[in-house]
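From first to last, the protein sequence lines are chains X and W.
Each residue of the first sequence is one higher than the one before, counting from 1 in my numbering.
Each residue of the second sequence is one higher than the one before, counting from 1001 in my numbering.
All C-beta atoms, glycine included, are put in the ideal place defined by N, C-alpha and C.
One structure is given here, and the rest of the page talks about it.
Number of protein chains: 2
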Amino acid sequence: MTSNSPEYIQALSRVVTRENLITHMSNMNTAVKKYGRDQIADERYAHDPDVVVFPNSTEQVQDVLRIADRYGVPVTPRGAGTGLSGGAVPVSGGIVLSLERMNRILQIDPSNLTATVEPGVVTRDLDTELKPYGLFFAGYPMSEEICTIGGNVAENAGGGRAVKYGVTGTYVLGLDAVLPDGRAMSLGGKRLKDVTGYDLMKRIIGSEGTLAVITKIHLRLLPRPHASETMLALFNSTRTAISAIPEAIRSSGVNPASVEFMDSTCARSACSLTGDELPIGESGAVLLFEVDGTDRTTVHSELRKLAAVLEGLGARIERERSAEDNERFWNIRKKVPWALKRMGSDQSLEDISLPIAALAPMMERLAEIAVQYGIHIPSFGHAADGNLHCNPIRPESMTQETWRSILPEALADIYNAAKTLGGTISGEHGIGHKRKRYVRQVLDPVALDIMRSIKRTIDPKGILNPGKIFPD
Amino acid sequence: MTSNSPEYIQALSRVVTRENLITHMSNMNTAVKKYGRDQIADERYAHDPDVVVFPNSTEQVQDVLRIADRYGVPVTPRGAGTGLSGGAVPVSGGIVLSLERMNRILQIDPSNLTATVEPGVVTRDLDTELKPYGLFFAGYPMSEEICTIGGNVAENAGGGRAVKYGVTGTYVLGLDAVLPDGRAMSLGGKRLKDVTGYDLMKRIIGSEGTLAVITKIHLRLLPRPHASETMLALFNSTRTAISAIPEAIRSSGVNPASVEFMDSTCARSACSLTGDELPIGESGAVLLFEVDGTDRTTVHSELRKLAAVLEGLGARIERERSAEDNERFWNIRKKVPWALKRMGSDQSLEDISLPIAALAPMMERLAEIAVQYGIHIPSFGHAADGNLHCNPIRPESMTQETWRSILPEALADIYNAAKTLGGTISGEHGIGHKRKRYVRQVLDPVALDIMRSIKRTIDPKGILNPGKIFPD
């Protein structure tokens, strides 16, 4: 910060201490760069901020927003920057409001089965603190080691256990939030049920930082499962694998904690990294089932019920024989994104969401789209949630220029196929600015109109995370 | 309908057939009266409509709203009228839009684990249809034999199983809804995860028919539990009973399907109806625990774990020895409201929602308020949800005049106590017009301001269910 910095930056410097503000003009250029991107590798989605502030209280967040409101400067709230839709990228420049340093676990309250946290708490850190209490926060995504709870709430993040436990929003009981004009409000509290007025809290959850900045979160906790067990179910075809899922759940009466899906390419690529071998052939598919519960006997018996149904439907089952197997099975699944990286440097990680039964026809449509554009589209994901990570990849043989020109069309085709099959373009990553141009393809135009008018009502000057969600 | 009926009624008569429209002017006066009240006994909350229409399609609902919009006539949507907050009562007269005759189960889809229904389907009827599929809709309230699913969604109704299964909104995957100006929109679909734009669906759930009229609902289904088992836990004091709940859940690792609470008055009154005897004394309390799961062995073992912890905390356990016991235990709980009716003809059934640990101090505060006003306030409810049905009752010795003058103050004191203890005034019944004057006591003023501006944005003419939720 220098004396010829813009006025609003000088105003910000009176709100936070020096170490909690970095600008282009300071010698922290590299740091500023970090706050201009998220986990999307493609540099075309990056945009540097003019200034990054790190408030450490609700009051400071209010001050920052009042300054932004006064000077008409865009504010982009940011958690850990682990998003995959550009939601935390300041596409119009201005202020990045990082919540990283508001990272205190304020209270673990076993008598109410709740935890109260600041938004910058890393998800895994909360989990570590909860263990001694025999409690857990069930709504976490798969990036739990790095993502922050505030970011999860802003995106209504999902993960691999939504089929049993639901997504992040399911566990949010209360929020403190600051509106674009700097007013703060408290919503909900440490209570499970609340029908007092409109559910503003649910409105802020998943609104990608475009309506309010979250500064405190009350979370519901569940009793921590005492046992869990996994198995792999290997199928000769994707169609058989997919249709087995609802049938297995329904006939066994067991609601598994996870049902993860890997197509043949994903499973075999991951195995080449982990050193495993899964006999599934070119057109086969793998499902990973996890069951959790109150004791080993129960969990074992429930997994056996699922296995019996799956075998009847043509699966070969690899059961967990030791804790190492559990780790080994999950390791295959978790290595998939890394294995796919070796297939090509240019990728677009998608997360379409579908009715479960539509996953199989979707996979067939993806195969056609891959052929049509001459690209790879391996797929994996949270099968029982209908949440598919299909991953367009540029093959070595295709130029980057061609890739850049065909990718938007290929994505439009993928999203259209999802829409036609009763699905939508994002189940957990959000729209951000990566997918906003496709929103019209899937959203009801009347609904989009209402969303826009709500945005205008709450943020009339359009300063909070502009350039996101809504098509230009 | 006669030729000198108001113009808007004549317009309505061109939208629906004769048997789907009743007016004051027709010879259906008694029928009209029915649509001027809900389950609140107090006649002061009733108000007759001018006309009742029964559309049978989304298009007809759109037509009705277009007419109301053109003529500026209030429209009050209505399900079965089983509400307890006056939400379905047309306080400004005009049109009651009854969804009763849109009562088709459109599809049960086992391959996607979903059901699609019209709003007028009675909750229990859906359950009956789901049984053969081994599936169930878990988000139902305790009035399942009579309430409709549309009404449950409009109120985001809860019930006795929210601790394990959540409330109605948890299971809504998609909605068709008609806006006050007659535009229809489709939100969500048969998919578990969706972060495409703002979650308008969650905004309409629980908005008490003030933002949109729901015409179709996609529901998530779960595998139907194969077994369940109940027990009663008898305590010498309310405080011990309440504090045992989170401890039992945490230590056992078991998330019960229900934990119902009855204070001594409620339990003993109910027992006098059912012919049971529960040795709890004047200041004791009863908890009813139900556990459900995939088989009898598991359920039995989980209930035993809970019982062991509860006994350690001073409970005497009455275990279920046969299916008759299960019915007997639930019968005691279900008879409580009927038993309380015998304590006095004037009552106000409340449903405050609190942090679990606040239930005990709340009970103490209720005892003080009862003494202060010279009334009875027996209490029961969904303890593990922190949802307490406290029930102010006029004693024989008090005149109706006195009762009517003190009740608003007594309610204000109860709601203030709830607020002070971290709670709110309604967990499942809603605000309607019964509680709107108290909303300012518990809602953040900034939040209330935003709620009002959202209402104005979506319903600028204020024709949809006016006079509800917002204080005058």
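Using a Cβ-Cβ cutoff of less than 7 Å, which residues in the same chain neighbour residue i once the five nearest sequence positions on both sides are dropped?
i: residue 1471 (chain W); result: 1436, 1437, 1439, 1440
i: residue 1425 (chain W); result: 1352, 1415, 1418, 1435, 1438, 1442
i: residue 1191 (chain W); result: 1173
i: residue 1164 (chain W); result: 1255, 1256, 1257
i: residue 300 (chain X); result: 229
i: residue 1282 (chain W); result: 1264
i: residue 176 (chain X); result: 58, 184, 186, 215, 216
i: residue 365 (chain X); result: 417
i: residue 1063 (chain W); result: 1015
Could you tell me the boundaries of the alpha helix (DSSP H) in which residue i lies?
i: residue 149 (chain X); result: 149-155
i: residue 1317 (chain W); result: Per DSSP, residue 1317 (chain W) belongs to no alpha helix (DSSP H); it is in the beta strand (DSSP E), 1316-1319.
i: residue 1302 (chain W); result: 1296-1312
i: residue 177 (chain X); result: That residue, residue 177 (chain X), is in no alpha helix (DSSP H); its beta strand (DSSP E) goes 172-178.
i: residue 455 (chain X); result: 445-458
i: residue 1009 (chain W); result: 1007-1013
i: residue 164 (chain X); result: 162-165
i: residue 1442 (chain W); result: 1439-1442
Residues of chain X with CB under 7 Å from residue i, in chain order?
i: residue 1200 (chain W); result: 447, 450, 451
i: residue 1138 (chain W); result: In chain order: nothing, as chain X lies at least about 10 Å away.
i: residue 1226 (chain W); result: 253
i: residue 1110 (chain W); result: 246, 250
Cβ closer than 8 Å: which chain W residues qualify as neighbours of residue i?
i: residue 187 (chain X); result: 1444, 1447
i: residue 194 (chain X); result: 1353, 1424, 1426, 1427
i: residue 467 (chain X); result: Near residue 467 (chain X) there are no residues of chain W at all, since even the closest Cβ is about 15 Å away, more than 8 Å.
i: residue 152 (chain X); result: Result: empty, since nearest Cβ-Cβ is about 11 Å, beyond 8 Å.
i: residue 223 (chain X); result: 1249, 1250, 1252, 1253, 1254, 1255
i: residue 133 (chain X); result: 1250
Run through chain X and tell me which residues come within less than 8 Å of residue i, C-beta to C-beta.
i: residue 1113 (chain W); result: 246, 249, 250, 356
i: residue 1432 (chain W); result: Those do not exist, as residue 1432 (chain W) stays about 10 Å from chain X at its closest Cβ, beyond 8 Å.
Can you name the residues of chain X whose CB is closer than 9 Å to the CB of residue i?
i: residue 1298 (chain W); result: 293, 294, 295, 297, 298, 301, 302
i: residue 1041 (chain W); result: Neighbours of residue 1041 (chain W) on chain X: none; closest Cβ ~21 Å, over 9 Å.
i: residue 1179 (chain W); result: 446, 450
i: residue 1158 (chain W); result: 192, 193, 195
i: residue 1305 (chain W); result: 294, 295
What residue range does the beta strand (DSSP E) around residue i cover?
i: residue 184 (chain X); result: 184-188
i: residue 270 (chain X); result: Residue 270 (chain X) -> not in any beta strand (DSSP E); alpha helix (DSSP H) instead, spanning 264-274.
i: residue 288 (chain X); result: 285-293
Output needed for residue i: all residues of its chain with C-beta closer than 8 Å, excluding positions within five of it in sequence on either side, in chain order.
i: residue 268 (chain X); result: 278, 280
i: residue 189 (chain X); result: 173, 174, 218
i: residue 23 (chain X); result: 1, 5, 9, 32, 50, 51, 52
i: residue 1295 (chain W); result: 1226, 1227
So residue i contacts chain W; which residues on that side make the cut at Cβ distance below 9 Å?
i: residue 105 (chain X); result: Residues of chain W passing the Cβ test: none, with the nearest at roughly 18 Å.
Less than 6 Å between C-beta atoms, sequence neighbours within five positions excluded: which residues of the same chain meet that for residue i?
i: residue 1142 (chain W); result: 1159, 1160
i: residue 209 (chain X); result: 77, 154, 465
i: residue 371 (chain X); result: none
Could you tell me which chain W residues have their CB closer than 7 Å to the CB of residue i, listed as they occur along the chain?
i: residue 207 (chain X); result: 1198
i: residue 409 (chain X); result: Here the premise fails: no neighbours, minimum Cβ distance about 20 Å.
i: residue 155 (chain X); result: 1195
Flag residue i as yes if its beta-carbon sits less than 9 Å from any beta-carbon of chain B, otherwise no.
i: residue 1035 (chain W); result: No chain B appears in this structure, whose protein chains are X and W.
Report, in whole angstroms, the separation of the C-beta atoms of residue i and residue j, which I expect to be a contact under 8 Å.
i: residue 1079 (chain W); j: residue 1151 (chain W); result: 3 Å
i: residue 287 (chain X); j: residue 241 (chain X); result: 6 Å
i: residue 1466 (chain W); j: residue 1092 (chain W); result: 5 Å
i: residue 1231 (chain W); j: residue 1318 (chain W); result: 6 Å
i: residue 162 (chain X); j: residue 1305 (chain W); result: Rounded, the Cβ-Cβ distance is 27 Å, inconsistent with contact.
i: residue 135 (chain X); j: residue 222 (chain X); result: 7 Å
i: residue 1196 (chain W); j: residue 453 (chain X); result: Not quite, the Cβ-Cβ distance comes to about 18 Å (not below 8 Å), so this is no contact.
i: residue 271 (chain X); j: residue 380 (chain X); result: Contact flag wrong, Cβ pair sits at about 13 Å.
i: residue 37 (chain X); j: residue 1198 (chain W); result: Rounded, the Cβ-Cβ distance is 25 Å, inconsistent with contact.
i: residue 1065 (chain W); j: residue 1213 (chain W); result: 7 Å
i: residue 1061 (chain W); j: residue 1097 (chain W); result: 7 Å
Next item on the list: Note down, one range per segment and in chain order, each alpha helix (DSSP H) of at least 4 residues found wholly within the region 335-419 of chain X.
Entry: 359-373
Next item on the list: Return the chain-ordered ranges of every alpha helix (DSSP H) run that is complete within the region 1024-1078 of chain W and spans a minimum of 4 residues.
Entry: 1029-1034, 1058-1071
Check: Hey, which unbroken runs of the beta strand (DSSP E) at 3 residues or more fall wholly within the region 1197-1261 of chain W?
Finding: 1213-1220, 1227-1235
Next item on the list: Write down every uninterrupted run of the alpha helix (DSSP H) in the region 89-147 of chain X whose length is 4 residues or greater and which is fully enclosed by it, in chain order.
Entry: 123-130
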